[in-house]
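Input: a single structure, listed below in structure tokens.
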Amino acid sequence: MPPDPYTTQFISGPDGLLLHLRDYGSRESSLTPVVCLPGLTRPCGDFHALALRLSAKGRRVLAIDYRGRGLSQWDKDWKRYDVFVESADIQTMLVASGVPEAIFVGTSRGGLHIMALAALKPSLIKAAVLNDIGPIIEPAGLQRIKGYLGKITQPDTLAQAVDMLKSLFGEQFTNVSEADWDIYAQLTYPLKNGKMGPGFDPNLFKTLEALNPDTPLPVLWPQFDGLRNVPLLVIRGANSDLLSPATFEAMLNRRTQMAEAEAAAARDANLPAPDSAPYPPVEGFVVEGQGHAPLLLDEASLARIEAFV
Numbered sequence: 091m092p093p094d095p096y097t098t099q100f101i102s103g104p105d106g107l108l109l110h111l112r113d114y115g116s117r118e119s120s121l122t123p124v125v126c127l128p129g130l131t132r133p134c135g136d137f138h139a140l141a142l143r144l145s146a147k148g149r150r151v152l153a154i155d156y157r158g159r160g161l162s163q164w165d166k167d168w169k170r171y172d173v174f175v176e177s178a179d180i181q182t183m184l185v186a187s188g189v190p191e192a193i194f195v196g197t198s199r200g201g202l203h204i205m206a207l208a209a210l211k212p213s214l215i216k217a218a219v220l221n222d223i224g225p226i227i228e229p230a231g232l233q234r235i236k237g238y239l240g241k242i243t244q245p246d247t248l249a250q251a252v253d254m255l256k257s258l259f260g261e262q263f264t265n266v267s268e269a270d271w272d273i274y275a276q277l278t279y280p281l282k283n284g285k286m287g288p289g290f291d292p293n294l295f296k297t298l299e300a301l302n303p304d305t306p307l308p309v310l311w312p313q314f315d316g317l318r319n320v321p322l323l324v325i326r327g328a329n330s331d332l333l334s335p336a337t338f339e340a341m342l343n344r345r346t347q348m349a350e351a352e353a354a355a356a357r358d359a360n361l362p363a364p365d366s367a368p369y370p371p372v373e374g375f376v377v378e379g380q381g382h383a384p385l386l387l388d389e390a391s392l393a394r395i396e397a398f399v
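Using my numbering, the first residue of the sequence shown is number 91, and each one after it goes up by one.
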């Protein structure tokens, strides 16, 4: 068997919980490292294809398992599966790994973490990729996620696991190869003691139990604006029900509108006009035939992120 193309690290979190990450490439690389943050229940292995691609170009890549996911320890208190607790975990892991700044790639919840870090530790973020997440989360998409979390069971075979995933996500993911379905199934139902099962603490479901269609969701434009000074790529699945086309377009146009508003305010105050282009533009990419969240396994998505990085 060839050796793994990454090193496995376990780092003690602020409360002593053991947290896992994969470390690809050389720690001595002079290039800015990339830090990959997965979705709500997802493992760091979701970024394996991207990490291989970027590390082959000489870039160090860290992919993180949050507490209760992947190979990280489960928390005895499910209420600590919280963005702010996890954010502290992420910062601890990066300090231990010698990463003072990075390009961040965040899928869904991972993108929320990027926006939180922009407020808590802005010096960490040199550039960012938000994969199918934005300042406005569509309630219907969140309710769908809540619904399927309660349906994830233990398959007996890989073929059964693929069939289960297709039944849950097939309507949104119409352009996924059979090979990628297999990869996604193996990541979703890792082998443990010879049996396939969900790779996360089932208590994560409790964090969504209080949500109902009438629950008001926070609007995160101030947090999104915390990224205004760094290059940003926003990815949307064409069939996504969590990131709407309207929010996606608003994210792409946000910095231009901010610059125009600042220029107008300066004129009204008889002040010198600010720089006409004070913010780097926001780039956008739509993954056809995929929903929430794009798997980042197809060539087009990998090439687009590589070009951005």
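All C-beta atoms in this analysis are idealised placements derived from N, C-alpha and C, irrespective of residue type, glycine included.
First through last residue of the beta strand (DSSP E) which encompasses residue i
i	result
residue 216	215–221
residue 101	96–102
residue 193	192–197
residue 112	108–114
Residue range of the unbroken alpha helix (DSSP H) whose run includes residue i
i	result
residue 314	311–315
residue 172	Per DSSP, residue 172 belongs to no alpha helix (DSSP H) and is neither H nor E.
residue 376	Not the alpha helix (DSSP H): residue 376 falls in the beta strand (DSSP E), residues 372–377.
residue 327	Note, residue 327: premise wrong, no alpha helix (DSSP H); beta strand (DSSP E) at 322–327.
residue 159	Looking at the DSSP string, residue 159 is not in any alpha helix (DSSP H), and its letter there is neither H nor E.
residue 252	248–259
residue 382	Run containing residue 382: none; DSSP gives neither H nor E here.
residue 231	229–239
residue 395	389–398
residue 343	335–358
residue 121	No alpha helix (DSSP H) contains residue 121, which DSSP labels as neither H nor E.
residue 145	138–145
Through-space distance from residue j to residue i, alpha-carbon basis
i	j	result
residue 106	residue 97	21 Å
residue 314	residue 190	21 Å
residue 269	residue 138	15 Å
residue 279	residue 272	10 Å
residue 277	residue 156	15 Å
residue 75	residue 148	Lying outside 91 to 399, the shown extent of the chain, residue 75 is not represented and no answer is given.
residue 134	residue 249	22 Å
residue 228	residue 332	5 Å
residue 396	residue 111	21 Å
residue 284	residue 210	41 Å
residue 123	residue 115	9 Å
residue 95	residue 142	8 Å
residue 326	residue 185	31 Å
residue 234	residue 371	32 Å
residue 384	residue 398	17 Å
residue 144	residue 119	12 Å
residue 194	residue 205	10 Å
residue 350	residue 323	21 Å
residue 183	residue 212	16 Å
residue 253	residue 265	15 Å
residue 136	residue 318	27 Å
residue 352	residue 359	11 Å
residue 203	residue 275	25 Å
Outcome for residue i when other beta-carbon atoms lying within 10 angstroms are tallied against a minimum of 16
i	result
residue 361	exposed
residue 391	buried
residue 238	exposed
residue 281	exposed
residue 176	buried
residue 393	exposed
residue 158	buried
residue 128	buried
residue 302	exposed
residue 260	exposed
residue 108	exposed
residue 262	buried
residue 240	exposed
residue 388	buried
Inter-residue CB distance, residue i and residue j (contact presumed, cutoff 8 Å)
i	j	result
residue 180	residue 215	Actually they are not in contact, since the Cβ atoms of residue 180 and residue 215 sit about 12 Å apart, beyond 8 Å.
residue 379	residue 289	So it is not a contact: roughly 25 Å between Cβ atoms.
residue 341	residue 201	Contact doesn't hold; Cβ gap of about 11 Å is too wide.
residue 330	residue 381	5 Å
residue 312	residue 286	No, residue 312 and residue 286 are not in contact; Cβ-Cβ is about 42 Å, not under 8 Å.
residue 242	residue 309	Not a contact, Cβ separation roughly 29 Å.
residue 130	residue 294	7 Å
residue 336	residue 377	Residue 336 to residue 377, Cβ: 18 Å. No contact.
Counterpart residues of residue i in DSSP-defined beta bridges
i	result
residue 153	112, 126
residue 290	159
residue 285	282
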